[in-house]
Structures are given as structure tokens and as C-alpha cells.
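A.B. asks: After the C-alpha cells below, expect a handful of questions from me.
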Amino acid sequence: MKHPISARALRSVSAFRMCAAVLTAAVLSAGPVTAHAAPAADGPSRAEVYTALGLDDQPADYAILVDTSWSMRKDGRYETVRSTLRPFLESLSPKDHVALVAFDTRPDPRYIGPADDTDEIMSKVPPGPTPEGATDIGAALETALTELERSDASEIASIVLVTDGSHQPGSGTRYPESTGEAWTALRKRATDIGKRTELAGYALPLGTGASGADLLDDVVPNTTVLRPDSVKGLGAYLQRAGDRTRARKAQLLLAKDQGKGVTAAWQDGDRLDLTDGSATARLTLRSTTSRLPLTVSGLKASVGDPAVALSGLPSQLTLKPGESRSFDVRLRGGLPDGMFPYRRTENAEGTLLVSGRVASPWEQALAPTVRLKVAERVRVPEPAVPLRDTVGSPVLLPAVIGAVLLIALIGWLLWRRTHRPRLRGELLLVPAFEDRIPDRIELRGRRMRLQPHSVGGRGQVHGRRRVADGESQVHLLIRYTPDGSSARESDATCRPGSHVVVNGVSFTYVPEQRGRDSVGSGHPR
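First residue of the sequence shown? That's 3 in the numbering used here, and the numbers climb one at a time after it.
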């Protein structure tokens with residue numbers, strides 16, 4: 003016999019079926035399989051990124067709190083929750099850890115262990131609500147936190163709370179009200195767990211009077227409360243919430259790569275010789291990430307000297323996590339000649355400069371829920387580039403030396419012409435105030451020693467060019483000692499056609515006169 007069903011009952015059943023779908027979406031969002039947008043044309047999809055990360059190998063803790071109070075019997079609420087739990091459990095990774103807690107007057111941990119056997123877990127779910135059972139949400143949350151405080155807890159943890167009522171505990175509870183010191187202690191414990199674990203909460207109130215779900219938000223700050231009255235936009239919202247839950251795993255796995263990027267370094271330690279106008283070196287680019295692939299676009303490099311060009315790098319480069327790639331690069335050009343461009347070997351230290359934007363091909367797929375913060379510039383830990391070049395003109399130094407020698411020669415010739423002119427003529431020597439035939443010495447060479455036979459003594463004579471009476475003349479500088487000692491040596495200057503007396507000997511300079519053999523003698527020097 004069929005019984006008529008009221009419109010109100012139909013609406014109630016429909017609402018709770020929606021709630022069941024919401025619960026399924028919420029819990030499935032934490033699992034390893036999630037629908038994602040189609041892959042972008044220029045990069046992988048989020049699902050592909052998660053697969054590459056090995057997201058299923060990252061365990062997570064789930065504390066699932068299911069209200070089994072007597073009020074859950076209404077409108078098939080409890081049956082809907084039971085039917086929703088199976089697909090959720092099947093979606094979990096075998097490495098995930100599940101704590102299934104049924105609660106009413108007191109919490110009852112029904113299953114604690116790995117999420118690798120859905121049938122085993124479902125066999126522990128109570129078949130129905132507890133008659134006359136109360137709703138002690140505080141005690142249920144305490145049980146969940148105790149489970150997440152164990153030493154081997156995962157780095158990702160979620161508390162899922164399903165309830166249809168408000169906090170209405172039974173007698174003897176530590177949480178008689180929805181506020182107080184006991185609740186403060188719960189918040190502190192949740193905060194402490196959050197310091198070592200990525201903790202989040204998901205609350206699903208089944209019914210308009212299910213205010214108890216908000217208590218999870220009071221204890222766990224990072225809680226999402228999903229309400230049936232917003233069911234029109236709930237599908238897209240749950241999709242984002244589910245992606246954010248999986249993104250928590252991805253964010254954790256990528257945490258060690260934050261701030262890392264690409265480094266550049268020379269492989270050759272020797273100086274690069276640019277004598278022939280070019281040199282070949284090996285430049286290595288290395289990714290310092292452990293999980294995140296990187297790209298470098300607009301890649302360019304230089305050694306800090308505009309006269310030396312560097313080529314051989316690709317304009318764009320993709321590096322796997324931790325990958326190194328080396329390139330044979332060519333340096334063309336040379337070092338500057340400097341202020342004095344003579345031929346020499348010059349050593350210099352260039353500075354390796356590498357430009358380009360560092361990013362990840364995963365950025366588009368993971369944005370905005372997973373924040374990737376990589377070093378956007380290529381880092382050069384050791385920028386010094388030792389260079390060597392043979393610079394300057396090979397003819398400059400010989401030319402300079404030749405020019406200096408030529409100038410010195412010209413200067414010496416000019417000096418000799420003035421200070422050591424050729425001697426011509428005769429020098430007559432006779433003791434002063436004596437009337438006798440003088441010694442006649444023919445002047446020749448540029449410097450002469452004097453050893454007159456009849457007068458005796460010795461000396462020397464050389465010329466010096468002077469300008470007198472408007473004409474150039476050669477004056478004689480005469481140095482003479484009568485006994486050959488330097489103590490009595492004296493000197494004098496004699497102009498052409500004149501005579502001077504030195505140490506009692508008269509010297510007469512007869513210019514341009516080549517005479518007879520002299521009685522005395524002189525020796526040119």
C-alpha cells in the first residue's frame with residue numbers, strides 16, 4: 003500500500019540529498035582524484051601537475067566526525083551520510099590515515115587506521131542513530147584533536163564534521179556550554195597542531211538549526227562551513243574548495259622549493275685566452291629546486307665588457323628539478339689596449355652577467371591556490387671570469403725605442419757639434435815673456451792631448467762653438483799643467499786669433515792654418 007508523501011517531506015528529502023552530494027564533493031576534494039580544467043595549450047593541467055608531484059604518495063590525516071544522535075533519523079539524514087561515506091573513502095590514497103568517530107552523548111572511535119580497505123571501514127559505521135543520544139560536539143572535537151596529536155601524524159590534516167543540530171551535550175560532559183575554559187583549551191590544542199601540521203576543517207550542517215557546525219570554525223581557524231541554503235552556487239564553490247584541499251598537499255611538497263631558482267657557473271677554471279679574437283668556454287645552468295621544473299626565457303649572458311661578446315646560449319631553457327645543463331659558449335672580442343698600447347699579455351677579471359626571467363611551467367596550472375615563489379633572476383654565485391689577451395701593437399714598442407734612440411742620436415750630434423766641434427788650425431806654445439821659436443801643434447780631431455817637447459808639461463784641448471760678432475766661431479778650451487800634476491792644472495778659453503797664458507805658457511790659437519811639423523806634439527782624442 004502506498005502512502006502519500008507531503009510536499010514538505012519531499013522538499014526535506016531533496017534538501018538532504020543535496021547535502022549528501024555536498025558532503026561527497028567536500029570529502030572527495032581531499033582525495034587523490036579530482037576533476038580539473040582542461041590543460042592549457044602551453045602547459046600541463048593541474049591533474050598532470052599533481053601526478054608529476056606524486057600527490058598520492060603524500061599521506062594525509064582525516065578525522066571524520068559523524069553525528070549519530072537520535073535526531074539524525076529524520077528524513078533519512080543518517081542513511082544519506084552512510085551512502086556518501088563510501089565514495090569518499092574509496093577516493094582516498096592508501097597512504098592516508100582515517101579516524102572515523104561516531105558521536106552523540108559521547109564520542110565513539112569506530113575505526114582508526116589506513117584508508118586502504120573501504121569495506122573494513124564501512125563495516126565499522128554504526129547501522130543507525132543512537133536512541134535518545136545527545137549531541138556533544140565538544141567531546142567529538144577533543145577526540146579528533148587527540149588523534150591528530152599523535153607523533154606519527156601526517157603533515158596534512160583535515161577534520162570533517164557532519165551534524166544536524168546544535169551543541170546539546172548530555173550530563174557529565176566537560177563541555178556543558180558552547181563556550182568556556184574547555185573550549186579555550188581546544189583552540190590552543192588546535193593552534194599547537196597547526197604549528198607542525200597543515201590543519202583545516204570542513205563543517206557540513208544538515209538542517210537550518212545545525213548551529214553546532216560553526217563550533218568547528220571556533221576551534222580550527224582554517225575551517226570552511228558549507229551550508230545547504232547556498233546550494234545554487236555550491237557546485238563551483240566545492241570544486242574550488244576541493245582543489246584547495248589538494249593544493250595544500252601540493253603546497254607542502256613544494257615548500258622547500260620556495261625562493262629557489264637557477265644558478266649559472268663556468269666549468270673551466272683556467273683563464274680564457276682571447277689572443278686569437280675568440281675563446282670557447284663551458285657555461286652550466288643548474289636548477290636548485292627538488293620538485294619544481296623551471297623555465298628561463300630571454301636568456302642572455304655577458305662578461306661585463308662591451309668589447310667581448312658571448313654567444314651560444316638558447317633564448318629559452320627548461321630545467322627539470324635539480325637538473326644541470328651545460329653549453330659551449332664562445333667569447334669574441336678582446337681586452338682594451340689601455341693607455342699605452344704596446345704589445346703585452348694582459349690579464350683581467352670579467353664579471354659573468356646572466357639575464358632572463360625564471361618561472362615554472364606549473365604556475366598557470368597551480369594558480370591561484372598554490373603560490374610559487376621562485377627567484378625570478380638567474381643567480382651567479384661566483385661571477386669572476388678570468389680572461390687573458392695579447393693586446394697592443396707589435397710594432398709600437400720597437401718604434402718607440404727607435405724614435406728615442408734617434409732623438410738621442412740627434413741630440414748627441416747637436417751636442418757634439420756645439421761642445422766638441424772639429425779642431426782646425428794651429429796652436430802655438432811658448433813660455434811667456436821669452437823670445438824663442440814656439441812649439442807648433444796642428445789641431446785635428448775633436449779633442450787633443452798636449453805634450454809640447456820644448457815647453458814641457460802636459461794638457462788637453464777641445465773646442466766649443468760660440469757665436470761672437472754675429473758669426474759662429476770655435477773657441478778652444480785649454481787645460482795645462484807645467485809639471486804634469488793635477489795640483490797645478492789650470493785652464494783658459496782662447497778665441498780664434500787670440501792668445502792666453504796658462505801656468506806661464508802662452509797659447510796662441512791660429513785658426514784654419516795647417517802648418518809645418520811642430521816641435522811639440524799633440525794627439526787627437
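The C-beta atom is built at its ideal place from N, Cα and C for all residues, glycine as well.
Could you give the uninterrupted runs of the alpha helix (DSSP H) lying entirely in the segment 48-85, keeping only those of 4 residues or more?
C.D. replies: Those alpha helix (DSSP H) runs which fall completely within the segment 48-85 and span 4+ residues are 48-55.
A.B. asks: Along the chain, where does the alpha helix (DSSP H) containing S125 start, and where does it finish?
C.D. replies: Looking at the DSSP string, the run of the alpha helix (DSSP H) that includes S125 is 120-125.
A.B. asks: Using the three-state DSSP reduction, which class does H464 fall into: helix, strand or coil?
C.D. replies: Reduced to three states, the DSSP call for H464 is strand.
A.B. asks: Answer with yes or no whether the minimum CB distance from I443 to chain C is below 7 Å.
C.D. replies: The structure shown contains no chain C; it holds only a single protein chain.
A.B. asks: When the Cα atoms are used, what is the spatial distance from R497 to V476?
C.D. replies: Cα to Cα, R497 sits roughly 7 Å from V476.
A.B. asks: Among the candidates T265, A136, A101, whose CA atom is the shortest distance from the CA of E151?
C.D. replies: Of the listed residues, the one whose Cα sits closest to E151 is A101.
A.B. asks: DSSP three-state label for V402, please.
C.D. replies: Correct three-state label for V402: helix.
A.B. asks: Report yes or no: do the segment 78-94 and the segment 278-287 share at least 3 C-beta pairs separated by less than 8 Å?
C.D. replies: Verdict: no, contact absent.
A.B. asks: So what does DSSP say about P207, is it helix, strand or coil?
C.D. replies: If DSSP states are grouped into helix, strand and coil, P207 belongs with the strands.
A.B. asks: Rounded to the nearest angstrom, how far is the Cβ of T347 from that of R379, given a contact under 8 Å?
C.D. replies: Not really, about 35 Å apart at Cβ, beyond 8 Å.
A.B. asks: Assuming A146 contacts V103 under a Cβ cut-off of 8 Å, what Cβ separation, rounded to an integer in Å, is found between them?
C.D. replies: The pair is a contact, with the Cβ atoms about 6 Å apart (cut-off 8 Å).
A.B. asks: Comparing C-alpha positions only, which one of W417, P433, R466 sits nearest to L479?
C.D. replies: Checking every option, the nearest Cα to that of L479 belongs to R466.
A.B. asks: Under a Cβ-count criterion, where at least 16 other Cβ atoms within 10 Å of its own Cβ denotes burial, should M341 be classed as buried or exposed?
C.D. replies: It is exposed - the Cβ of M341 has fewer than 16 other Cβ atoms within 10 Å.
A.B. asks: Taking its Cβ as the centre, do 16 or more other Cβ atoms sit within 10 Å of K197, making it buried, or is it exposed?
C.D. replies: That one is exposed.
A.B. asks: Quick check on this structure: which residue in E473, R442, G427, V432 has the alpha carbon closest to the alpha carbon of G499?
C.D. replies: Looking at the Cα atoms, G427 is the closest of the given residues.
A.B. asks: Do the segment 132-146 and the segment 157-174 make contact, defined as three or more Cβ pairs closer than 8 Å?
C.D. replies: With a cut-off of 8 Å, the segment 157-174 and the segment 132-146 count as touching, because enough Cβ pairs lie within range.
A.B. asks: Measure the C-alpha to C-alpha separation of K76 and K375 and round it to an integer number of angstroms.
C.D. replies: Whole-angstrom Cα-Cα distance: 50 Å.
A.B. asks: Can you check which of these residues, P513, H464, L429, is closest to V507 by C-alpha distance?
C.D. replies: If we check each option's Cα against that of V507, L429 comes out closest.
A.B. asks: Tell me which residue opens and which closes the beta strand (DSSP E) that T265 is part of.
C.D. replies: 264-268 is the extent of the beta strand (DSSP E) around T265.
A.B. asks: Output needed for E157: all residues of its chain with C-beta closer than 7 Å, excluding positions within five of it in sequence on either side, in chain order.
C.D. replies: Result list for E157: T199, E200, L254, in chain order.
A.B. asks: Closest to G135 by CA distance: which of R108, V127, S289, K126 is it?
C.D. replies: Among R108, V127, S289, K126, the Cα nearest to that of G135 belongs to R108.
A.B. asks: Rounded to the nearest angstrom, what separates R408 and S395 at their Cα positions?
C.D. replies: According to the sequence provided, residue 408 is Leu. The question's Arg does not apply to it. Between L408 and S395, the C-alpha separation is close to 20 Å.
A.B. asks: Could you tell me the alpha carbon to alpha carbon distance between S153 and I195, rounded to whole angstroms?
C.D. replies: Using only the alpha carbons, I get a separation of about 11 Å.
A.B. asks: With H, G and I counted as helix, E and B as strand and the rest as coil, what does DSSP make of Q475?
C.D. replies: Q475 falls in the strand class under three-state DSSP.
A.B. asks: From A434 to R446, what does the alpha carbon distance come to, in whole angstroms?
C.D. replies: So the two alpha carbons sit approximately 25 Å from each other.
A.B. asks: Distance check for R332 and V360, CA to CA, integer angstroms please.
C.D. replies: Distance between the alpha carbons of V360 and R332: 23 Å.
A.B. asks: Going along the chain, which residues of its own chain have a beta-carbon closer than 7 Å to the beta-carbon of F18, five neighbours each way excluded?
C.D. replies: Reliability of the predicted coordinates at F18 is poor, the pLDDT of 41 falling under 50, and the value obtained from them is presented with this limitation in mind. Closer than 7 Å at the Cβ level, and outside the excluded window around F18, lie D77, G78, R79, T82, L208.
A.B. asks: For R176, which option in R293, D138, P423, S299 has the closest C-alpha, if you only look at C-alpha atoms?
C.D. replies: For R176, the nearest C-alpha among the options comes from D138.
A.B. asks: So what does A158 bridge to, in DSSP terms?
C.D. replies: Looking at the sequence provided, one finds Ile at residue 158 rather than Ala. Note: I158 sits in a beta bridge opposite E200.
A.B. asks: Which two residues bound the contiguous alpha helix (DSSP H) that contains D219?
C.D. replies: First-last of the alpha helix (DSSP H) with D219: 216-221.
A.B. asks: Give the DSSP bridge partners of Y344, in chain order.
C.D. replies: In DSSP, Y344 forms a bridge with S395.
A.B. asks: In angstroms with no decimal places, state the Cα-to-Cα distance between Y511 and S488.
C.D. replies: C-alpha separation (whole angstroms): 24 Å.
A.B. asks: What separation, rounded to the nearest whole angstrom, lies between the Cα atoms of L411 and D493?
C.D. replies: Rounded to the nearest angstrom, the two C-alpha atoms are 30 Å apart.
A.B. asks: So, is E436 buried or exposed, given that buried needs 16 or more other C-beta atoms within 10 angstroms?
C.D. replies: Answer is exposed; the Cβ neighbour count stays below 16.
A.B. asks: Between the segment 48-55 and the segment 108-120, do at least 3 Cβ pairs fall closer than 8 Å?
C.D. replies: With a cut-off of 8 Å, the segment 108-120 and the segment 48-55 do not count as touching, because too few Cβ pairs lie within range.
A.B. asks: With A434 as the anchor, note down where its beta strand (DSSP E) starts and where it stops.
C.D. replies: No beta strand (DSSP E) holds A434; DSSP gives it neither H nor E.
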